[in-house]
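K.L.:
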Amino acid sequence: MTDIIDLDLGSARDGLAKKAFSALELARTHVQAMEDARSLNAIIIETPDRALADAKAADQRRAKGESLGAMDGIPIAIKDVFCTKGVVSRACSKILDGFSPTYESTVTANLWQAGAVMLGKTNMDEFAMGSSNETSALGPVASPWRRRGDNRPLVPGGSSGGSAAAVAAGVGLGATGSDTGGSIRQPAAFCGLVGVKPTYGRCSRWGMIAFASSLDQAGSFGRTVRDAAIMLRAMAGYDPKDSTSVDRPVPDYEAALTGNVKGLRVGIPKEYRVGGMPAAIEDLWQRGIGWFKDMGATIVDISLPHTKYALPTYYVIAPAEASSNLGRYDGVRFGLRVSGDNVLDMYEKTRATGFGAEVKRRIMIGTYVLSAGYYDAYYLKAQKVRALIARDFTAAFEQVDVVLTPTTPSAAFAHGEIAGDPVAMYLNDVFAVPASLAGLPGVNVPAGLSPEGLPLGLQLLGRTFDESGLLNAAFALERAANFTARAAPWWRQ
Ligand code: GLN
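When we follow my numbering, the leftmost residue of the sequence shown carries the number 44, and every step to the right adds one.
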């Protein structure tokens, strides 16, 4: 039998059902893997006792023949952006030091309801602002992957870098992420995983620490499309506590994975061919197109003319919303307080000490674009462009069923390589951000290796609320690409 640590989520679930091993054995194996992988800094709070207790409860439910959830006995890791009751939740910001929520986010509550087992909280960019996990107040994450013949630590991507690194290192069978402008899809691409961001409104944002509320959306990481689909279904659903969550039934995404894409119309947007993109990424995109053709899909050239405005538009809207959302951290209600001579001094000292440089940059940009003199020129303008970007997709989806693009314009980079250049960092999200602005679902499928031996991914985008169709296309692509590479486990001493 395969070692249980090598099983993916779907196979572990089937193994539990067949009683090939117990949930407790599975949890113990993952707790050990978590301890062995500490040098990655992917998990910043470990909850091993909770994991073992959850697993024992899962075994008891099974032994008694009680009804079981879709994730019963499955160990997973939770991004620190989700509030977890009684477990410190701080979005990897110093300003939330010691904040232990008295409530559970809806997404994590749904996962526990489905029987999932909690291993711990994962590292992330501070308040999910970043593409490399280097803005975390808890230090950077080392990707399990390394360039061939080069031991320099690489970034796992961001902002859900800890979640991606954990799953890629075999710590947890899945992990939650949040994606505001690529934070699930980009780290999934860098770490050779499947990462899915559903339609805006599919998952509740209640109890998820806010970055940019009109863009933030929870999603899942898995080693396979099936894994990501099983987990997403358990997370999703209408929630009366979030007025932007949508009251539509959540289909069985796993059941939709037939792999049949005959007659599927796959759109190739010409605007995603950007200058300076490495040949390996262009080649991979062409291979992806070839695979879909071979599977009987129809390739359609499409145009999304406002694509070039997406990144600047995102970097007006996201900071604007962040500056407003982060106004609540004043040293009174949550986490850190640095005392001062008077209340104003206390606010200022708390915020100056508590927020990192990238967060401060976003707050300043955000307050600037929302200021009386510039609101029309920047914020209102950006909202109008956002509508045009969404309209491009609406028109495209009259001609096609899914859109295929590269996920990122490069493979993973080394720690410190571009951290000093915010614009270079922002450019990493050039292919991810348009779908976020349009609220569309998107998924990364690992599809090949760069010349240095690092994972590269292809992105599929789907129609609003058509996660089933999107994931089925991803399933077909996954089978065609047959990406089997795993990071060599250098972190296990
Ligand atoms: N990297 C992007 C940013 O820094 C997206 C982050 C995210 O999706 N949370 O804003």
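Here a beta-carbon is modelled for each residue, glycine too, at the ideal position from N, C-alpha and C.
Check for me: the beta strand (DSSP E) holding phenylalanine 63 runs from which residue to which?
P.N.:
One detail in the question is off: residue 63 reads as alanine in this sequence, not phenylalanine. Element bounds for alanine 63: n/a, residue is neither H nor E.
K.L.:
Can you give the beta carbon distance from methionine 251 to phenylalanine 125, rounded, assuming they're within the 8 Å contact cut?
P.N.:
6 Å
K.L.:
Starting from the C-beta of phenylalanine 142, find all residues in its chain whose C-beta is less than 8 Å away, skip the five residues before and the five after it, and write them out in chain order.
P.N.:
Val131, Ser132, Arg133, Phe377 and Gly378
K.L.:
Restricting to Cα atoms, I'd like to know which of Leu504, Glu401 and Phe335 is closest to threonine 437.
P.N.:
Leu504
K.L.:
Please classify leucine 177 as buried or exposed, where buried requires at least 16 other C-beta atoms within 10 Å of its C-beta.
P.N.:
Note that residue 177 is glutamate in the sequence shown, not leucine. Label assigned to glutamate 177: buried.
K.L.:
Using three-state DSSP, classify alanine 541 as helix, strand or coil.
P.N.:
One cannot answer for residue 541 here, as it falls past the ends of the chain, which runs 44 to 536.
K.L.:
Determine which residues share a DSSP beta bridge with aspartate 92 and list them.
P.N.:
Note: aspartate 92 sits in no beta bridge, so no partner.
K.L.:
Need the endpoints of the beta strand (DSSP E) that proline 118 sits in, please.
P.N.:
Segment 118–122, the beta strand (DSSP E) holding proline 118.
K.L.:
Buried or exposed: which applies to threonine 350, given that a residue is buried once 16 or more other Cβ atoms fall within 10 Å of its Cβ?
P.N.:
buried
K.L.:
Just checking threonine 450 against ligand 1 - is the residue's beta carbon closer than 6 Å to any of the ligand's heavy atoms?
P.N.:
no
K.L.:
Count the CB pairs spanning the segment 466–485 and the segment 225–239 that are closer than 8 Å, and state whether there are at least three.
P.N.:
The segment 466–485, when compared against the segment 225–239, does touch it at the 8 Å Cβ threshold.
K.L.:
Using beta-carbon positions only, say whether arginine 429 and threonine 341 come within less than 7 Å of one another.
P.N.:
no
K.L.:
Just to check my reading of the structure: isoleucine 117 and leucine 216 have Cβ atoms closer than 8 Å, yes? What is that Cβ distance to the nearest angstrom?
P.N.:
Indeed they touch by this definition, with Cβ atoms about 5 Å apart.
K.L.:
Comparing C-alpha positions only, which one of Glu510, Asp444, Leu69 and Ala420 sits nearest to methionine 114?
P.N.:
Leu69
K.L.:
Figure out for me which residue from Met77, Asn525, Leu52 and Gly512 has the closest Cα to the Cα of alanine 298.
P.N.:
Minimum Cα distance to alanine 298 is reached at Gly512.
K.L.:
Exposed or buried, which one is asparagine 153 when buried takes at least 16 other CB atoms within 10 Å?
P.N.:
Buried, because 16 or more other Cβ atoms sit within 10 Å of the Cβ of asparagine 153.
K.L.:
Quick check: the Cα distance between aspartate 464 and serine 186, rounded to an integer number of angstroms?
P.N.:
If I take the Cα positions, the gap works out to 20 Å.
K.L.:
Determine, using beta-carbon pairs with one atom in the segment 289–298 and one in the segment 316–330, whether at least three such pairs fall under 8 Å.
P.N.:
no
K.L.:
Have a look at alanine 415 and leucine 423 and give me their C-alpha separation to the nearest angstrom.
P.N.:
11 Å
K.L.:
With a Cβ-Cβ cutoff of 7 Å, do phenylalanine 508 and valine 268 count as a contact?
P.N.:
no
K.L.:
DSSP puts leucine 307 in a beta bridge; with which residues?
P.N.:
For leucine 307, which the question treats as bridged, DSSP gives no partner whatsoever.
K.L.:
Could you say if the segment 386–397 and the segment 259–277 meet the contact criterion of at least three C-beta pairs nearer than 8 Å?
P.N.:
no
K.L.:
Below 6 Å, is the gap between the Cβ of glycine 331 and the nearest heavy atom of ligand 1?
P.N.:
no
K.L.:
Give me the Cα-Cα distance between serine 202 and threonine 219, rounded to the nearest whole angstrom.
P.N.:
12 Å
K.L.:
Starting from glycine 262 and walking both ways along the alpha helix (DSSP H), at which residues does that stretch end?
P.N.:
Unbroken run through glycine 262 is the beta strand (DSSP E), 260–265; no alpha helix (DSSP H).
K.L.:
Across which residues does DSSP place glycine 573 in a beta bridge pair?
P.N.:
Because the chain here runs from 44 to 536, residue 573 falls outside it and cannot be looked at.
K.L.:
State the beta-bridge partners of threonine 410 as determined by DSSP.
P.N.:
DSSP lists no partner for threonine 410.
K.L.:
Quick check on the burial criterion: 16 or more other C-beta atoms within 10 angstroms. Buried or exposed for tryptophan 188?
P.N.:
buried
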